[in-house]
Every structure is written in structure tokens, then in C-alpha cells.
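Under my numbering, residues 1 to 101 are what the sequence shown spells out, in order. Here's the structure we're looking at; comments come further down.
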Amino acid sequence: MKSFKQYLIESQQTYDFKIKIAGDCPEDCDTKIKEALTQFGANSCVQKMRTPIQETHVDFPECKNVSVTVFEVSLDYPATSAQIRSQVSTILGINESNIRV
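In C-alpha cells form, the structure reads like this:
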């Protein structure tokens, strides 16, 4: 039979999200995103890629001639995509319509 401590260790989960931002991101954007998501126990925030400028983008059809930056975020606590989008929008000063989670 497993001890309670073993059950706790096995039950720990991480919640992974991809955050896509259309347009230019401010410098040290990954640090600011991690800071915005501290209430959800942000473990890591890594900029994975930046797409070249495209006339139209699949995720952002309303934005023309922009590049998209993708971040991968790992959280200790569950959160909805709307909560994450709101927090990131507030701290970066970017309109929520330019952020997808």
C-alpha cells in the first residue's frame, strides 16, 4: 500500500499552455508573462518561436502583415485560457484580441 506522501507526489500535475501574441512583443516579454502568471504558480515561460511577417495568419485573421511570437508556459495550478489572456494582456499592455491561448 502506498503512503500518503507517495500519493501527493504522484498527483502533482503541470498545466501547459501556448500563448501566441500577434505583433511586436516588448523586450523581456517572457519575464513579464511569468510575473503575470505567478498566482497560478508559473514554473517556466519560454519563447519557442517567432514566425516571419505574413499577410494573414491563421490564428489572427483580423491582423494584417504581422509576425506572431509563441511562448510555452508551464503552471502548477489550473487556469482557463481567458484568465491567462487577461493577465498577459494587462501586464504587457496589448489588446486581448492580439493574444491567443
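No residue lacks a Cβ here, since even glycine has one placed at the ideal position from N, Cα and C.
Is the stretch 22–31 close to the stretch 50–67, with three or more CB pairs under 8 Å? Because the criterion of three Cβ pairs below 8 Å is met, the stretch 22–31 and the stretch 50–67 touch.
Can you name the start and end residues of the alpha helix (DSSP H) that residue 15 belongs to? Start at 1 with the first residue of the sequence shown, and residue 15 comes out as number 15. Segment 15–22 is the beta strand (DSSP E) holding residue 15; no alpha helix (DSSP H) there.
Would you be able to state if there are at least three C-beta pairs under 8 Å between the stretch 30–48 and the stretch 68–78? Cβ pair count under 8 Å is three or more, so yes.
For residue 45, report the span of its alpha helix (DSSP H) as first-last. Position 45 of the sequence shown, counted from the start, is the residue given in the question as residue 45. Careful: residue 45 lies outside any alpha helix (DSSP H), inside the beta strand (DSSP E) at 42–50.
Can you say whether residue 88 is buried or exposed, counting buried as having 16 or more other CB atoms within 10 angstroms of its CB? Residue 88 sits at position 88 when you count from the first residue of the sequence shown. Buried, since its Cβ has 16 or more Cβ neighbours within 10 Å.
Taking the alpha carbon of residue 18 as the reference point, which residue from 80, 53, 27, 5 has its own alpha carbon closest? The residue labelled residue 18 in the question sits at position 18 within the sequence shown. Answer by Cα proximity: 80.
I need the straight-line Cα distance from residue 85 to residue 52, nearest angstrom please. If you number the sequence shown from 1, residue 85 lands on position 85. If you number the sequence shown from 1, residue 52 lands on position 52. For residue 85 and residue 52, the distance between alpha carbons rounds to 23 Å.
Is the beta carbon of residue 99 sitting closer than 9 Å to the one on residue 32? Reading the sequence shown from its first residue, position 99 is the one you call residue 99. Reading the sequence shown from its first residue, position 32 is the one you call residue 32. No, the pair does not count as a contact, with Cβ atoms beyond the cut-off.
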